[in-house]
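Undergrad:
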Amino acid sequence: MIIIGVFMAKHKMATDIFRQVKDFIYEKCGISFTENKIYLLEDRLSKRLDELNMSSYEEYLYYLKYDPNRRNELKSLYNSITTNETSFYRDMVQLTAFRTGVLPMVLKSKNPRDKTLRVWSAGCSTGEEPYTLAMMFLDENLPMKGWRIEIIASDISDRVLQSARKGVYGDYAIRNTNPVALKRFFTKQNDGYHVNPEVKRMVRFMSINLFDTYETRNASKIDIIFCRNVIIYFDDDSKRKVMGHFYDALTKDGVLVLGFSETLINLTRAFKAKGINRCIVYEKV
Ligand SMILES: C[S@@+](CC[C@H](N)C(=O)[O-])C[C@H]1O[C@@H](n2cnc3c(N)ncnc32)[C@H](O)[C@@H]1O
375 MIIIGVFMAK HKMATDIFRQ VKDFIYEKCG ISFTENKIYL LEDRLSKRLD
425 ELNMSSYEEY LYYLKYDPNR RNELKSLYNS ITTNETSFYR DMVQLTAFRT
475 GVLPMVLKSK NPRDKTLRVW SAGCSTGEEP YTLAMMFLDE NLPMKGWRIE
525 IIASDISDRV LQSARKGVYG DYAIRNTNPV ALKRFFTKQN DGYHVNPEVK
575 RMVRFMSINL FDTYETRNAS KIDIIFCRNV IIYFDDDSKR KVMGHFYDAL
625 TKDGVLVLGF SETLINLTRA FKAKGINRCI VYEKV
């Protein structure tokens, strides 16, 4: 006998309320829940209703819009609705392209007097991506002698940023990490793998909503942006808006790296696709 388990959220959302909630979310952060994702929103917000002792999404929407505590609630909303899947050394083919193609190209194009390289992990989740980049920079094979490296890592969710700053990880997060890197950059303790201080020192975490023009100005003069597996949750209009922010944040010869399943083809002329070692990256035009 096959038993299929279907999770049923405790609080059901009527279609008209779903539309209002999804429009509210879209307007605030660009994340787009299509009409068939009602169950997903129910699943993610039902618990929040219980925590707030509320019995309906109408009440919750009103709270989000008008309550004096609405700014804090917006943060809780982001914590509830975002998908934060990530791992160390994720999509190694892209990281190899970064090491062997993107980085040399960017270093070569920089003004020889400017020895600072700024990298932005935009939508960094619990920190595995920016820490991986820091580990790659600490790797002796990279031609970074004499360079000052700044890694900015940002996310819209305070919950993941808090965990990123701690830098303690379980087996799942390090599943793609090779034993040499594991030994060099982590210290195993009872509660998990602690990222070593030399790595942590290289990364500065900040809260940035990529959909917010004002907040994204906190990242500027960036040479390389990693924004992987983030814009899959956006529709074309919000992707364009975020790309506009990236355009402004990047230096003249800056490069943008998106996730494998993400593309800017037919979306904007502000970036030119370039193939590097089986990967597509985007140069500012
Ligand atoms: C699937 S994770 C990707 C993590 C990492 N970049 C990777 O590829 O492994 C997507 C992250 O994007 C963040 N995110 C989604 N919308 C955002 C927005 N408007 N501004 C900033 N971060 C956002 C989510 O909170 C989530 O942590």
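If you count the sequence shown from 1, position 204 lands on 578 in the working numbering, and the numbers rise without skipping. A virtual CB, placed ideally from N, CA and C, is assigned to each residue, including glycine.
Rounded to the nearest angstrom, what separates N462 and I548 at their Cα positions?
TA: According to the sequence as given, residue 462 is Phe; it is not Asn. Answer to the nearest angstrom: the Cα atoms are 6 Å apart.
Undergrad: Spatial neighbours of M580 within its chain, please: CB distance less than 7 Å, with the 5 preceding and 5 following residues excluded, ordered by chain position.
TA: So the qualifying residues of the chain are I526, S528, N592.
Undergrad: What residue range does the alpha helix (DSSP H) around E572 cover?
TA: Where E572 is concerned, the enclosing alpha helix (DSSP H) stretches over 571 to 574.
Undergrad: Whose C-beta lies closer than 7 Å to the C-beta of V467 among residues of the same chain, with five residues either side of it excluded?
TA: Answer for V467: R652, C653, listed in chain order.
Undergrad: Quick one: what's got a C-beta closer than 6 Å to T490's C-beta in the same chain, skipping five residues either side?
TA: Taken in chain order, the residues that qualify are R522.
Undergrad: Tell me whether R464, by its Cβ, gets closer than 7 Å to a heavy atom of ligand 1.
TA: True, at least one ligand heavy atom lies under 7 Å from that Cβ.
Undergrad: Kindly indicate which residue of G618, Y588, F600, G475 has the alpha-carbon position closest to the one of W494.
TA: Among G618, Y588, F600, G475, the Cα nearest to that of W494 belongs to F600.
Undergrad: Looking at ligand 1, does it come within less than 7 Å of D532, judged from the CB to the closest heavy atom?
TA: No, since every heavy atom of ligand 1 falls outside the 7 Å radius drawn around the Cβ of D532.
Undergrad: Check whether the region 418 to 430 and the region 467 to 478 touch, using three or more Cβ-Cβ pairs below 8 Å as the test.
TA: Touching, no.
Undergrad: Comparing the CB of I405 with every heavy atom of ligand 1, is any distance shorter than 7 Å?
TA: Correct: I405 has its Cβ closer than 7 Å to ligand 1.
Undergrad: Would you kindly report the start and end of the unbroken alpha helix (DSSP H) that includes V659?
TA: Taken as a continuous stretch (DSSP letters only), V659 belongs to no alpha helix (DSSP H), as it is neither H nor E.
Undergrad: What would DSSP say about N648, mapped onto helix, strand or coil?
TA: Looking at the sequence itself, residue 648 is Lys, so the reference to Asn does not match. It is a strand residue.
Undergrad: Taking R602 as the reference, give the member of R473, P504, H619 with the closest Cα.
TA: Cα-wise, what sits closest to R602 is P504.
Undergrad: Given 7 Å as the limit, tell me if I582 has its C-beta closer than that to any heavy atom belonging to ligand 1.
TA: Because some heavy atom of ligand 1 lies under 7 Å away, the Cβ of I582 counts as near it: yes.
Undergrad: Could you pull the DSSP bridge partners for Q563 from this structure?
TA: DSSP output for Q563 lists G566 as bridge partner(s).
Undergrad: Can you check which of these residues, K658, E401, V534, is closest to S454 by C-alpha distance?
TA: Among K658, E401, V534, the Cα nearest to that of S454 belongs to V534.
Undergrad: In the DSSP assignment, the beta strand (DSSP E) including G628 goes from what residue to what residue?
TA: From DSSP, the beta strand (DSSP E) with G628 extends over 624 to 632.
Undergrad: Please work out which residues of its chain come closer than 7 Å, Cβ to Cβ, to D609, disregarding the five sequence neighbours upstream and downstream, and give them in chain order.
TA: Only S406 meet the Cβ criterion.
Undergrad: CB I606 to CB G633, shorter than 8 Å?
TA: Yes, Cβ-Cβ distance for I606 and G633 is below 8 Å.
Undergrad: May I ask you to report which of helix, strand or coil DSSP gives M466?
TA: Here M466 sits in helix by DSSP.
Undergrad: Compare the C-alpha of P571 against each of M382, N550, K540 and name the closest.
TA: Ranking the options by Cα distance to P571, first place goes to K540.
Undergrad: Taking the straight line between their C-alpha atoms, what separation do you get for V542 and G566?
TA: Near 6 Å, if we compare the C-alpha coordinates of G566 and V542.
Undergrad: Can you pull the DSSP bridge partners for R445?
TA: R445 pairs with nothing; no bridge assigned.
Undergrad: Identify the continuous alpha helix (DSSP H) that holds M509 and give its terminal residues.
TA: Unbroken alpha helix (DSSP H) run through M509: 502 to 512.
Undergrad: When you compare the CB positions of M509 and F585, do they come within less than 8 Å of one another, or not?
TA: No, they are not a contact pair.
Undergrad: Between K595 and T625, which are expected to be in contact by the criterion C-beta below 8 Å, what is the C-beta distance as a whole number of angstroms?
TA: 6 Å between Cβ atoms; contact.
Undergrad: Taking three-plus beta-carbon pairs below 8 Å as touching, is the region 433 to 441 in contact with the region 476 to 490?
TA: Segments in contact, no.
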